[in-house]
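Everything below concerns the one structure shown next.
Number of protein chains: 2
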Amino acid sequence: MKHITIKDIAKKLNVSVSTVSRAFNDTFDVSKKTRDRVLKVAKEMGYYPNPIAKRLHQQKSFQIGIVVPEFINDFFPQVIMGIQKVVQQAGYQLLIMQSNECYETEIANVKKLEENMVDGLIISLSQETKNIDYYNQLYDKGIPMVFFNRVNDTINAPKVVFNDFKWAYFAVEHLIKQGCKNIVHLAGYKHLSLSKERVKGYEKAMNKFHLNFGKQHIIETGFTREEGEKAMQHLLKQGLQPDGIFAANDPVALGSMKALKQAGIKVPKEVKIIGFSEALWTDMVEPALSSVSQPAKVIGEESAILLLKQLKGAPMKKTMISLDGHLVVRASSMKDGLLGD
Amino acid sequence: MKHITIKDIAKKLNVSVSTVSRAFNDTFDVSKKTRDRVLKVAKEMGYYPNPIAKRLHQQKSFQIGIVVPEFINDFFPQVIMGIQKVVQQAGYQLLIMQSNECYETEIANVKKLEENMVDGLIISLSQETKNIDYYNQLYDKGIPMVFFNRVNDTINAPKVVFNDFKWAYFAVEHLIKQGCKNIVHLAGYKHLSLSKERVKGYEKAMNKFHLNFGKQHIIETGFTREEGEKAMQHLLKQGLQPDGIFAANDPVALGSMKALKQAGIKVPKEVKIIGFSEALWTDMVEPALSSVSQPAKVIGEESAILLLKQLKGAPMKKTMISLDGHLVVRASSMKDGLLGD
DNA sequence: GCAGATTTCGGAAACGATTCCGATGATCGG
DNA sequence: CCGATCATCGGAATCGTTTCCGAAATCTGC
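Those protein sequence lines, which keep their order, are chains A and Z. For the first sequence, the working numbering gives the first residue as 9, with consecutive numbering after it. For the second sequence, the working numbering gives the first residue as 9, with consecutive numbering after it.
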C-alpha cells in the first residue's frame, strides 16, 4: 500500500539516499557499478520517483493552465489535443478551465490557476473580455503566457491565430466566382479581432470585384444558429434578398440556411452560402455546407511550442503566429450543385 | 518574483512558523488576537499557501485521473464538465487522457496517471478493451475508481451507466407506435455491454408486439456514419427494405438515412429512423433526427460523487448507478412529419 | 613512496507546509 | 497562596527529493 521511496532503496543497499538520487539523475559522481546496482534493485522494488517531492524541491509545478470559452463544441477540444500532445512529451500536465464566455469566471479561473502555481498559461479570451490589464500585468511579471484565436490587439504576450483576413477574402472570392454579386456578411461580434479581420477580408474581396455596397451588407449577429436565423428573417422581411452569404461561423450559416428554406428560397440555386470554422456536422446537413477549415490541432501545437520556449527561458518578443487553413467547398456554394434542391 | 512563504510572515510578525500555520488552519491552540494579526499581514503580503508543499506533507496529490476514448465529439466533453464541476468544489484537479479507442494507450495512460500519483481514477473503456484484469488489480489494491458508460460485466469497481436497455425499448416502442412493423436494429459492437443492453431492449419491444423476426434484423455496424451507410446499402441490395430503423447511435442513423435517400426512399414516409445519444447536430440535418438523449453531464457528476465518497474512505460495494434519459422525437420518426419530404 | 589530483560517496540543508511535543505563562480552585 | 489545569506558542521532525559540502579512497606523476 505505501509507496516505495528513495530511502527504502538506500537502506536495502546500505548506501546513502544521495547516492540513490545520483544514480537516477545520472550525474557524473557515481560509479557505474553502484548505479547499476541501484537501478536494478529499484526496478525490482517497483520504485518510481515521487513527482510531488520533485516539484517542491525544484520550485516548479510542471503544470500548465488552460482557459477556453467552452469545450463542448469541437474546435477547442481539438486545440487542447494539440497542446496536450506537445507538452506531455516535455513532462508537463494540463489544468483545463472554461470561462463559459464570461469575463468574471475567466479571471477567476486564471487566479485559481495561479494559486495552483502553474508554470505557464494558454488562454483564449471569452466574448465578453475587453479589459486585458490583468493579463498584461501577469505577463510583465514574467509568467509565461500564450494567447490563441480569441485575442486582442493590446495583448503583450505572444499569440497564435488563424489568418482570418486572408481566408475570409478567399471565401468571399469563391462566392463571387460562383456568380454571386450581392453578398451579405453575417459577422460575429465587432469587438473581437477575429471578426474585425474577417470583415476586412470580406471588404477587400468585394472592393476588388467592385461589388461593395457599403456597411449595411455587414450585419452583426453573434455566433449562434438562432441569431443567424433571425438575422436572415429580418433581412428577408425588409425585402432584401442577397444571392450570397458569408457567415461568421457554421452555426450562423446554418441558421440563415433554415430561414431561406422556410421562405421557399433555394440553396444554392438562388442563394449560395459559406460558413467558417468547419464544424463536424457541415457535411451532414443538406445541402452540405461549404466552410473554411481551421487547423485546430496545429493551433494548439504551435501555442504549446511557444509556451515551452518561454518556460525554457527564451526571451519572447511580441510575436504572432498566423496559420493558414483551406476552403472546403461543398454543395451549398456551388453554381451547379448536384445535391442542391 | 519569488513566492511568499509562511516563513516570511513568521519573520515579519516575530512568531514561529507553526503559529502562522495554526492561524490558517484555524486550530484551537492559537489566540484570536494573533490569528487575526497573522491573517491580516498575510493578506497584505499577498500570501497563499503552496499547494505542492501541502500535497507532499499530506501524501495526497489532490488530482484525479480521467481516461476516455476520445473527446472531440460532444459526449465526453460534457461528461468531463460534470466531473469537473463536482471535484473542483472538493479541491481536486483533473488530469485528462484519451485512449483513442486503443487498449494499449489506455493502459499506458493509466500507468502514467499512477506515476503522477493521482488519488483516484474515472475511466470509460475503449472499444478494444476486453481484458480488465489490470483494473481489477488496481481496485483491489485500494485505489478509488469509477467506471462510466463504456463498462464491462466483470469490473469490480462501481459504475455509472445509462439505462440502455430501457431506453432502447422506448425507442423501438416509439417506432412501433408510429406504425412500423419491420424494424431493423443497426447495432454497435457486440462485446460492449451498452450494445448488448440495447439489443435486449430492441428484442423486448419487438417481442411484446409480436414483431420479432429473428437475429437477421440485428446487424453489427460499428459506430461511424460510413458503417451505417454501408450496412443500409447492403440491406437494400438484398432486396430487404425495413420500414423502421433503430440505430446504435446518431452517426449510424445518419449514414442509413443517406443511403435511403440515394435509393430514392422517403424518410420518414416510407422508413422511420431513430438514433441514440443525441449528438449536437441532430436537429440540423433534414429531416431532423429523432434520438435518445443521455444526461452526459449528470453521468459525470454521479461518477465524481462516487469517487469522492471513496476518497473519503467510504466502503464501496459493487454498486452500479443507472441513469435515465428521454426520447427526443423529431421529423425522422413521425407518422406525419411536417418537415419530411 | 608520497604530495596532489581525482573519483566516489555520506551527511546535511533545503523546498514549504503540517503536527507532535514540550515549555512557558496565565488562570483557577481549594 | 500554591499546585494543577489550561491556553498559547516555539522548536523540531516529517513528507521525498535534490544538491552542496566535505571526507574518504583511489589513482596519477615524479
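Every residue gets a Cβ at the ideal spot worked out from N, C-alpha and C, and that includes glycine.
Helix, strand or coil at residue i according to DSSP, with G and I counted as helix
{"i": "F84 of chain A", "result": "helix"}
{"i": "A98 of chain Z", "result": "coil"}
{"i": "L3 of chain A", "result": "With chain A covering only 9 through 349, there is no way to say anything about residue 3 of chain A."}
{"i": "D332 of chain A", "result": "coil"}
{"i": "L129 of chain A", "result": "strand"}
{"i": "M292 of chain A", "result": "coil"}
{"i": "F173 of chain Z", "result": "helix"}
{"i": "Q318 of chain A", "result": "helix"}
{"i": "Q106 of chain Z", "result": "strand"}
{"i": "D349 of chain A", "result": "Here the model assigns D349 of chain A a pLDDT of 41, short of 50, so the residue's position is not dependable and the matter cannot be decided."}
{"i": "A255 of chain Z", "result": "strand"}
{"i": "Q67 of chain A", "result": "coil"}
{"i": "G73 of chain Z", "result": "strand"}
{"i": "S29 of chain A", "result": "helix"}
{"i": "I227 of chain Z", "result": "strand"}
{"i": "S134 of chain A", "result": "coil"}
{"i": "V207 of chain Z", "result": "helix"}
{"i": "S39 of chain Z", "result": "coil"}
{"i": "V155 of chain Z", "result": "One detail in the question is off: residue 155 of chain Z reads as Phe in this sequence, not Val. In the structure shown, F155 of chain Z sits in a strand (DSSP, three-state: E or B)."}
Cutoff 8 Å: residue i Cβ touching any chain Z Cβ
{"i": "D82 of chain A", "result": "yes"}
{"i": "I184 of chain A", "result": "no"}
{"i": "V336 of chain A", "result": "no"}
{"i": "F79 of chain A", "result": "yes"}
{"i": "L129 of chain A", "result": "no"}
{"i": "V293 of chain A", "result": "yes"}
{"i": "S69 of chain A", "result": "yes"}
Exposed unless 16 or more other CB atoms sit within 10 angstroms - verdict on residue i
{"i": "L316 of chain A", "result": "buried"}
{"i": "Q101 of chain Z", "result": "buried"}
{"i": "L346 of chain Z", "result": "At L346 of chain Z the pLDDT is 47, less than 50, meaning the model places this residue with poor confidence; the figure from the coordinates comes in the next sentence. Exposed, by the Cβ-count rule."}
{"i": "A258 of chain A", "result": "As written in the sequence, residue 258 of chain A is Asp, which differs from the Ala given in the question. Buried, by the Cβ-count rule."}
{"i": "S39 of chain Z", "result": "exposed"}
{"i": "K266 of chain Z", "result": "buried"}
{"i": "K343 of chain A", "result": "exposed"}
{"i": "A322 of chain A", "result": "exposed"}
{"i": "S299 of chain A", "result": "buried"}
{"i": "A296 of chain A", "result": "buried"}
{"i": "A271 of chain A", "result": "exposed"}
{"i": "Y142 of chain Z", "result": "exposed"}
{"i": "H193 of chain A", "result": "buried"}
{"i": "T290 of chain A", "result": "buried"}
{"i": "L248 of chain A", "result": "exposed"}
{"i": "T2 of chain A", "result": "Absent from the model: residue 2 of chain A. The displayed extent of chain A is 9 to 349, so no value can be given."}
Any C-beta of chain A under 8 Å from that of residue i
{"i": "S298 of chain Z", "result": "no"}
{"i": "L331 of chain Z", "result": "no"}
{"i": "P85 of chain Z", "result": "yes"}
{"i": "L262 of chain Z", "result": "yes"}
{"i": "S285 of chain Z", "result": "no"}
{"i": "W175 of chain Z", "result": "no"}
Other residues of its chain near residue i: CB distance less than 8 Å, five sequence neighbours each side excluded
{"i": "D148 of chain A", "result": "N164"}
{"i": "D251 of chain Z", "result": "G187, C188, K189, N190, I191, E278, V279, K280"}
Residues of its chain near residue i, where Cβ-Cβ distance is below 6 Å and the 5 sequence neighbours each way are ignored
{"i": "V76 of chain Z", "result": "F84, Q106, S132"}
{"i": "Y177 of chain A", "result": "G209, K212, A213"}
{"i": "V28 of chain Z", "result": "I14, I17, A18, V46"}
{"i": "R158 of chain A", "result": "S132, L133"}
{"i": "M240 of chain A", "result": "S264, A267"}
Any non-hydrogen atom of the ligand MG within 7 Å of residue i CB
{"i": "M328 of chain Z", "result": "Among the components modelled here there is no ligand, and therefore nothing to report on the ligand MG."}
Own chain, CB closer than 7 Å to residue i, minus 5 neighbours either side, in chain order
{"i": "D349 of chain A", "result": "Because the pLDDT of D349 of chain A is 41, which lies under 50, any placement of that residue in the model is unreliable, and the number read from its coordinates should be weighed accordingly. Excluding sequence neighbours, D349 of chain A sits near K274."}
{"i": "F217 of chain A", "result": "I184"}
{"i": "G99 of chain Z", "result": "F70"}
{"i": "V126 of chain A", "result": "S69, Q71, I72, G73, L103"}
{"i": "N220 of chain A", "result": "E211, M214"}
{"i": "R63 of chain Z", "result": "S69, F70"}
> Which residues, in chain order, does the segment 48-64 of chain A contribute to contact with chain Z at a C-beta distance below 9 Å?
Replying inline: The residues in question are Y56, P57, N58, P59, I60, A61, R63, L64.
>> By the 9 Å beta-carbon criterion, what residues does the segment 102-136 of chain Z contribute toward chain A?
In response: Per Cβ criterion, the list reads L102, L103, I104, M105, Q106, K120, E122, E123, N124, M125.
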